[in-house]
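If you're matching positions, the sequence shown starts at 263 in our numbering and goes up one per residue. For glycine and all other residues, C-beta sits at the position ideal for the given N, C-alpha and C.
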Amino acid sequence: MAGGAEAASGVVVDVSTPLLPREAARSRECVSSPNGSPSPPHSPAARRIVAAAKIAAIVGCVALLGALCLLVPRRAALETSADDAVSSSSSSAAVRFFAFGDWGRNGTFNQSLIAQQMGTVGQQMAPQFVVSVGDNFYDEGLTDVNDDQFTRSFSNIYTHRSLQVPWYAVLGNHDYYGNALAQLHPALANRDPRWVCRRSMALSLPLCAAPTVDCADLVDLFLYDSTPLVPAYRHKKGRRVDWRGLNTGNWSQQEAAQLQELEGWVGNSRARWKVVVGHHPVFSYGHHGHQQEMVDRVKPLLERYGVDAYLNGHDHNMQHVKRDDSPVHYFTVGGGSKAWRSDAPSEAPGLRFYFPGQGFSALHVDTDTLSVAFYGVDGQQMYSTTLRK
Numbered sequence: 263m264a265g266g267a268e269a270a271s272g273v274v275v276d277v278s279t280p281l282l283p284r285e286a287a288r289s290r291e292c293v294s295s296p297n298g299s300p301s302p303p304h305s306p307a308a309r310r311i312v313a314a315a316k317i318a319a320i321v322g323c324v325a326l327l328g329a330l331c332l333l334v335p336r337r338a339a340l341e342t343s344a345d346d347a348v349s350s351s352s353s354s355a356a357v358r359f360f361a362f363g364d365w366g367r368n369g370t371f372n373q374s375l376i377a378q379q380m381g382t383v384g385q386q387m388a389p390q391f392v393v394s395v396g397d398n399f400y401d402e403g404l405t406d407v408n409d410d411q412f413t414r415s416f417s418n419i420y421t422h423r424s425l426q427v428p429w430y431a432v433l434g435n436h437d438y439y440g441n442a443l444a445q446l447h448p449a450l451a452n453r454d455p456r457w458v459c460r461r462s463m464a465l466s467l468p469l470c471a472a473p474t475v476d477c478a479d480l481v482d483l484f485l486y487d488s489t490p491l492v493p494a495y496r497h498k499k500g501r502r503v504d505w506r507g508l509n510t511g512n513w514s515q516q517e518a519a520q521l522q523e524l525e526g527w528v529g530n531s532r533a534r535w536k537v538v539v540g541h542h543p544v545f546s547y548g549h550h551g552h553q554q555e556m557v558d559r560v561k562p563l564l565e566r567y568g569v570d571a572y573l574n575g576h577d578h579n580m581q582h583v584k585r586d587d588s589p590v591h592y593f594t595v596g597g598g599s600k601a602w603r604s605d606a607p608s609e610a611p612g613l614r615f616y617f618p619g620q621g622f623s624a625l626h627v628d629t630d631t632l633s634v635a636f637y638g639v640d641g642q643q644m645y646s647t648t649l650r651k
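Here it is, written out as structure tokens:
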């Protein structure tokens, strides 16, 4: 992971107020690639962050994923099933990564076991990076950049060789109960160069065997901060909520700026596959259920601009929802540690899969398919599905 620290510190997003209008210009710049060299924008007018992911192969070959900037919608995906959603024999053009959340509990509640199974699956799959969908450290985030929980819940847990790749993380509501700015601070990359946490970021990953600026087939991942969009989490009795850097004097303006940024990214993307990542669900049949703010304000953006999949945590289980009233596939991947043992309701429109326990997801994306597989604490694949174009 040499160079990972540069990737973290080089992400051009203001950690204090990245979503307010005055910061919009900064969001047009590109994210540094994992070797520290900046990835050139595809167009000077492109309005988005671009990141490159380091391909970490078990055989020890490391190649950079070229970063490209976006623009324009594409056709909808068709969903089919697949028994082998993730294959160790995937082509070099494929993008492979893990996604999960709600994990940081000092190794307890099966966190260490999930980490072990991620490493084992990763040995075969060779993920190029990991996406964390928030609630990274329980119960109240980090206290500061020197908090030992960062080591106890992250560095000392995810130790397998296959997991020594960039970790792209967004914040969850529990992360705001501590020092939210600590998780966003590039100083954490000095402690563990894998760590890249921002309020929002966009990764544009080529699906070409030999990426060039002419490569048209991309998968774009858009990670955004959902917690400020949910008024219920702005004031929690008995908890300090760290809203520093956000426009708390005008929440309507803050919300509008965030949604405008997200809409600009997905609306201008011309990637073949689009995936949006946030902590809170749109649709969920778990403990928290549907997040109405996401249904009202985020779901229309996903549908309008042809987003293929939405990844979230918050509910501590594993779900796949594909409703008739939405073309988007919704995946809850919040099984990183403590789980809530609860059955899905008898009426659950669009629920394809529900597991009330710990787990993680593995995604494999190539030009024609986007596959998602769920794994449990025993390391066995318990569900898989494939979207096709």
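Coarse secondary structure for residue i, derived from DSSP in three states
i, result
"LYS536", "strand"
"SER462", "coil"
"HIS541", "coil"
"GLN553", "coil"
"TYR567", "coil"
"HIS436", "helix"
"TYR616", "strand"
"TYR592", "strand"
"LEU491", "helix"
"LEU573", "strand"
"THR510", "coil"
The beta strand (DSSP E) enclosing residue i, as first and last residue numbers
i, result
"GLN581", "580 to 583"
"ASN452", "Premise fails: ASN452 lies in the alpha helix (DSSP H), 450 to 453, not in any beta strand (DSSP E)."
"TRP429", "429 to 431"
"THR647", "643 to 650"
"ALA653", "The chain is shown only over 263 to 651; residue 653 falls outside these bounds and no answer can be derived."
"ALA361", "357 to 362"
"LEU485", "480 to 485"
"VAL392", "391 to 394"
Nearest-angstrom Cα separation, counted from residue j out to residue i
i, j, result
"GLY298", "THR489", "For GLY298, the predicted model reports a pLDDT of 34, less than 50, meaning its position is unreliable; a value from the coordinates is still stated below. So the alpha carbons of these two residues sit roughly 30 Å apart."
"ARG435", "PHE615", "Per the sequence shown, residue 435 should be read as Asn rather than Arg. So the alpha carbons of these two residues sit roughly 25 Å apart."
"ALA449", "GLY612", "43 Å"
"LEU508", "GLN516", "7 Å"
"THR647", "THR631", "10 Å"
"ARG502", "LYS651", "46 Å"
"VAL432", "GLU609", "31 Å"
"PHE617", "VAL634", "15 Å"
"GLN620", "ASP605", "14 Å"
"PHE391", "VAL458", "11 Å"
"GLY440", "ASN398", "11 Å"
"GLY540", "PRO389", "20 Å"
"VAL672", "LEU467", "As displayed, the chain neither begins before 263 nor continues past 651, which places residue 672 out of reach and without an answer."
"ALA442", "GLY598", "20 Å"
"ASN574", "TYR547", "13 Å"
"ARG453", "TYR495", "30 Å"
"TYR400", "LYS584", "30 Å"
"ASN368", "ASN418", "9 Å"
"ALA451", "VAL407", "10 Å"
"TYR637", "ASP587", "28 Å"
"ASP437", "ARG506", "13 Å"
"LYS499", "PRO493", "13 Å"
"GLN411", "GLN378", "19 Å"
"LEU425", "PHE359", "10 Å"
"PHE593", "GLY384", "20 Å"
"MET463", "PRO607", "34 Å"
Contact belief for residue i with residue j at Cβ below 8 Å, rounded distance in angstroms
i, j, result
"THR370", "GLY641", "Incorrect: roughly 19 Å between the Cβ atoms, too far for contact."
"VAL393", "TYR430", "5 Å"
"PHE622", "ILE376", "6 Å"
"GLN373", "LEU404", "Not a contact, Cβ separation roughly 16 Å."
"GLY363", "GLY396", "5 Å"
"LYS561", "ASP482", "With 8 Å as the limit, LYS561 and ASP482 do not qualify as a contact, their Cβ atoms being about 18 Å apart."
"HIS576", "HIS552", "About 11 Å separates the two Cβ atoms, so there is no contact after all."
"LEU469", "LEU485", "With a Cβ gap of about 19 Å, LEU469 and LEU485 do not count as contacting."
"LEU571", "HIS542", "A small correction: the amino acid at residue 571 is Ala; Leu does not occupy that position in the sequence shown. 16 Å between Cβ atoms; not a contact."
"ASP487", "ARG461", "4 Å"
Residue i, enclosing alpha helix (DSSP H) - first and last residue
i, result
"ALA624", "No alpha helix (DSSP H) holds ALA624; the beta strand (DSSP E) holding it covers 622 to 627."
"SER374", "373 to 387"
"LEU632", "No alpha helix (DSSP H) contains LEU632, which is instead part of the beta strand (DSSP E) from 631 to 637."
"LEU469", "Segment: none, LEU469 is in no alpha helix (DSSP H) and carries neither H nor E."
"ALA606", "That residue, ALA606, is in no alpha helix (DSSP H); it is neither H nor E in DSSP."
"LEU425", "Here LEU425 belongs to no alpha helix (DSSP H), and DSSP marks it neither H nor E."
"ALA601", "Neither: ALA601 is in no alpha helix (DSSP H) and is coded neither H nor E."
"LEU446", "442 to 446"
Within-7 Å CB hit, residue i to chain C
i, result
"VAL557", "The question asks about chain C, but that chain is absent: this structure has only one protein chain."
Indicate whether the contact test is met: 3 or more Cβ pairs, each with one atom in the region 549 to 569 and one in the region 519 to 528, closer than 8 Å. yes
Indicate whether the contact test is met: 3 or more Cβ pairs, each with one atom in the region 529 to 536 and one in the region 552 to 560, closer than 8 Å. Touching, no.
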